[in-house]
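Below is one structure; the comments refer to it alone.
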Amino acid sequence: MDVHRCRFVPYQPSAINAVAFSHPKTRTAKRSTVARLAVGRANGDIEIWNPGNGTWHQEQVIRGGKGRSIDGLVWVNEADQDLGDGRVLIGKSRLFSIGYTSTVTEWDLETGKPKRHASGQHGDIWCLAAQPSGSTDGPISEVQNSNKLVAGTIDGELVMHSLEDDDLRFQRVLVKSPTKKAQMVSMTFQSRKVVIVGCSDSTIRAYDMTRGHLLRRMTLGSDLVSGAKDIIVWSVKCLPNGNIVSGDSTGQICIWDGKTYTQAQRIQSHKQDVLSLATSADGTAIMSGGMDRRTFLYKQGSGAGQRWGKVWGRRYHDHDVKAMASFENGNISVVVSGGPDANLMIVPLKEMGRENHRMLSNLPHQPPLASAANARFMVSWWDREIHIWSLRKPATDLFESGGDDGDINQNRKLLKTIVVKGDCNIASAALNQDGTLLVVSTPIDVKAFRLEHQDPTKPSDVKIHALQLPEQLTRLGATQLKLSPDGKWLLLVQEGSRVLMVRITLDATKEGSPTVGIKVQRLARLRRHVPKHIMNGGLGGYDRSVTHATFSADSKMVAVADLAGYVDTWILRGHDENLGKGKAVGGADDAASLSSDSESSDEEADAIDVGEQWIRNANAKQLPKLPSASVVLSFTDDVPGSGDATADHDYVLVAITSSWNVLAFHPRLGALTPWSRRHPRKALPAAVRDLLDLPKGIFWQGSRMWVYGVSFLLMLDMDQDLPMPAADVDGSAETQVTQGTKRKRISRTTGAGGKMERENLAPHKVRKHGEEENYEDLDVGETPKVEESDSDDDMADADGELAELRNNASKTVVQSDETTDGRKKWWITYKYRPILGVVPVNRAGQPLEVALVERPTWDVEIPDRYFAGHERENY
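What follows is the structure in structure tokens.
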């Protein structure tokens, strides 16, 4: 396989401004299944992550647009309902956002679009909080339901929005500021009646929600260090016992008595502003993040006065730590943090100092790349821009001629840049193999372009013509696009779960105005037997959102997968009979999975000709539900011949799940392939089972399956059996037996980066300054406490043995046993990282050649750091 290693794609990750968990603490297994993390970015995107059992799967990205920003996120969870027959209806989860405007937006996760907006005659909203439910006599330890949203504005006003009757309405202004000098910067609820607000005028205020009266004003004084008159309270949190924690612009956190509203303790922890706070569910731990890039952990002592103390500190981020949120579920106890460096950091909470942290890449899970292999074109997109690149010479020619990096850089050329009209960011794009048709979608529109390049020897001679598409195709936009390998079919996923198949005919160009013929058919998904009490609660039909779609190599079969793990397949009419299969089964299963999917418009009734219709695979029901959501879905390059459907004459559909199950199906038979039966997850090599990063994509080289993630490139040969890993007596590869000890199960992940080999709450080595500015490492004994260090070593990755493999290119290749003819059964490398995406650029029948695009962290533009409105440090 020849690889073009590319770092020229202008993809710029966006800063993280807000993070929020739908259920910060999940007490039941049912509620833990609907727990999600929402991440708001500066370009208006909202990412939905599933924490899982420490897998951290990016399920969906709701695209933003020009001039939009997500600066605050709040989940509202309705109360659970006991249906009386042993079933529990999980309360609905609703997501709201603000963007430093006067508007509050509710988001529909099923469609990936705004659901409703609410605004009033007030200033820009700077903070937002949801009113908790339960008794009003004391503080609330867990938020389950809310019927009010309270927002704080730049003008010092508190405004209330009603959420009753599944609606969002501006209700009234609770508090008006007479001077408009005190901006409402941060907010939290102490109880259902009392809201705590951090302001920009050195005060923290407690308000009575029922009457809008000021209960108490807590004063911080003046910032004597920086000379600023007022102190800004950037973050406030409440502990379960009612005490209040604040972080401000002096770098201090303060503990306030929740009954008397007096200051109990002040801790100088950060060298610059404290921007974010997070607390454990039981109130025994506090974490803070600040402008100095540090993250600190505080614990409460058991002695007299039960004073809080700083017990751990470290730099996890390369920029300000702007947002924090905690999550606890079973053995998982973590804090998620983010900021302008765009990386999502998973930091252990209860086990900090005994567990490693983990960084989730700022690159999207679904690569923003597509290729036209026959034309050696590659397309990348970012925000509202599309870039078309050409790779001139094959990689083999460059390697044989001894080309250096300069020759490789000269081998690529930017042909065109297209800026899509409108304010919405691009959601998906597709390019046919000949490089003549480009289709682009946003959340509200679909656009098509015809690319003309008559002379293949002059790839720079490319002309772009916009194609007119019918309104029925464009009015709803699309979250997913896929073009068939023959370029005749376009699959669109609209509003999350609505699947359309489009027959495309490019007509001859007439006087420079190309035309396109369009015929639309809607593909009905199988109606799954999901209980109504599940569909009506939690996140509703969000789990039925289609996230992956793929065509077979001959463009005669198509498959889609959703977040629930269901796979639907269709086959082209006529081709099904040629392969010896009957027609699709009709009846009730022809209805779609959701009630809204069963509706069809008159425009869609005029569909594709009968001879060109797509029908459901007759054995679609036989495909089992995947154990978890699919992160990769792909057909192999094998095309079955004519005759009866047998294991040797069927397509092979491969799905890799978020739990790292590699499953290969014969879709027309509705069965697993023999290779997949012989290789459950525990049969995969240990290097694969230990991967924390999830797969992003897949490409094929005969029977070889090449899978890549943000930090690895993996090959599995499906024509060979993998060597079975060492197992214990009961045959489980997940356990380990030590002589003289009981069998102990090894935990692969604990929610963050896994257990440390040596606990680091006490230092094991110190660096002693010697002569001639040399340092020597000295072993030391245990000490009762360790503070954070200013050394650059704090920035080192602490992800164990996997990190060592990633950081040493000479040790990054791991190979399995080879067959007698020297053919490898599997292979993995960590040489390429971080990987944005990989696309093939070779014609059919030629040796495999791919373009591998990296987006290194050092090449990402990070904004300058600021302190109290003045520039403090540039780098």
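Take the sequence shown: its position 781, counting from 1, is numbered 781 in the UniProt record's numbering, and each next residue is one higher. From the three backbone atoms N, C-alpha and C, an ideal C-beta is built for every residue, glycine too.
{"Item": "Alpha carbon of GLY330 to alpha carbon of LYS148, nearest angstrom", "Value": "30 Å"}
{"Item": "Pair within 8 Å by beta-carbon distance, ASP717 and TRP826", "Value": "yes"}
{"Item": "Through-space distance from ARG205 to VAL197, alpha-carbon basis", "Value": "5 Å"}
{"Item": "N-terminal and C-terminal residue of the beta strand (DSSP E) that VAL347 is part of", "Value": "344-348"}
{"Item": "With 16 other Cβ atoms within 10 Å as the buried cut-off, status of ASP562", "Value": "buried"}
{"Item": "Where the alpha helix (DSSP H) containing THR474 begins and where it ends", "Value": "471-474"}
{"Item": "Close Cβ partners of LEU431 (< 6 Å) along its chain, the five nearest in sequence each way excluded", "Value": "ALA370, ALA372, VAL379 and LEU438"}
{"Item": "Buried versus exposed, by CB contacts within 10 Å (16 or more), ALA38", "Value": "buried"}
{"Item": "Beta-carbon proximity of GLY251 to LEU275, cut-off 8 Å", "Value": "no"}
{"Item": "Where VAL688 sits in the DSSP three-state scheme", "Value": "helix"}
{"Item": "Rounded separation between LEU623 and ARG498 - CA only", "Value": "20 Å"}
{"Item": "For PHE170, the residue or residues it bridges with in DSSP", "Value": "HIS161"}
{"Item": "Within 8 Å, strictly: CB atoms of LEU473 and LYS482", "Value": "no"}
{"Item": "Nearest candidate by alpha-carbon position, reference VAL841, set LEU391, ASP248, VAL530 and GLN366", "Value": "LEU391"}
{"Item": "Identity of the residue in LEU158, LYS115 and SER14 nearest CYS127 by Cα", "Value": "LEU158"}
{"Item": "MET359: first and last residue of the uninterrupted beta strand (DSSP E) it sits in", "Value": "358-360"}
{"Item": "Buried or exposed (CB count within 10 angstroms, at least 16 for buried), VAL707", "Value": "buried"}
{"Item": "Straight-line Cα distance separating ARG544 from VAL853", "Value": "31 Å"}
{"Item": "PHE377 versus ALA429 - alpha carbon distance", "Value": "14 Å"}
{"Item": "Inter-residue Cα distance where the pair is ASP85 and VAL530", "Value": "17 Å"}
{"Item": "Inter-stretch contact (C-beta, 8 Å, three-pair minimum) for the region 554-574 and the region 105-114", "Value": "no"}
{"Item": "Span separating the alpha-carbon of LEU476 from that of TRP675", "Value": "41 Å"}
{"Item": "Per DSSP, cross-strand counterpart(s) of ARG211", "Value": "For ARG211, which the question treats as bridged, DSSP gives no partner whatsoever."}
{"Item": "Continuous alpha helix (DSSP H) stretch holding MET535: start and end", "Value": "532-535"}
{"Item": "Status (buried if at least 16 other CB within 10 Å, exposed otherwise) for LYS25", "Value": "buried"}
{"Item": "Rounded Cβ spacing between GLU849 and PRO394 (contact assumed at less than 8 Å)", "Value": "6 Å"}
{"Item": "Residue range of the unbroken alpha helix (DSSP H) whose run includes SER676", "Value": "674-678"}
{"Item": "Nearest-angstrom Cα separation, counted from ILE46 out to ASP859", "Value": "23 Å"}
{"Item": "Beta-carbon separation (whole angstroms), VAL195 vs VAL245, contact threshold 8 Å", "Value": "That belief does not hold up - the Cβ atoms of VAL195 and VAL245 are roughly 15 Å apart, past 8 Å."}
{"Item": "Own chain residues within Cβ distance below 8 Å of HIS679, not counting five before or after", "Value": "VAL662, ASP721 and LEU722"}
{"Item": "Straight-line gap, ILE835 to VAL710 (C-alpha atoms, nearest Å)", "Value": "5 Å"}
{"Item": "Supposed contact pair VAL336 and ALA325 - C-beta distance, whole angstroms, cut 8 Å", "Value": "5 Å"}
{"Item": "Which listed residue (GLY65, SER249 and SER659) has its alpha carbon closest to that of ASP423", "Value": "GLY65"}
{"Item": "Per-residue burial, VAL347 [other beta carbons within 10 Å of its own, 16 or more giving buried]", "Value": "buried"}
{"Item": "Status (buried if at least 16 other CB within 10 Å, exposed otherwise) for VAL440", "Value": "buried"}
{"Item": "ASP717, DSSP secondary structure in three states", "Value": "strand"}
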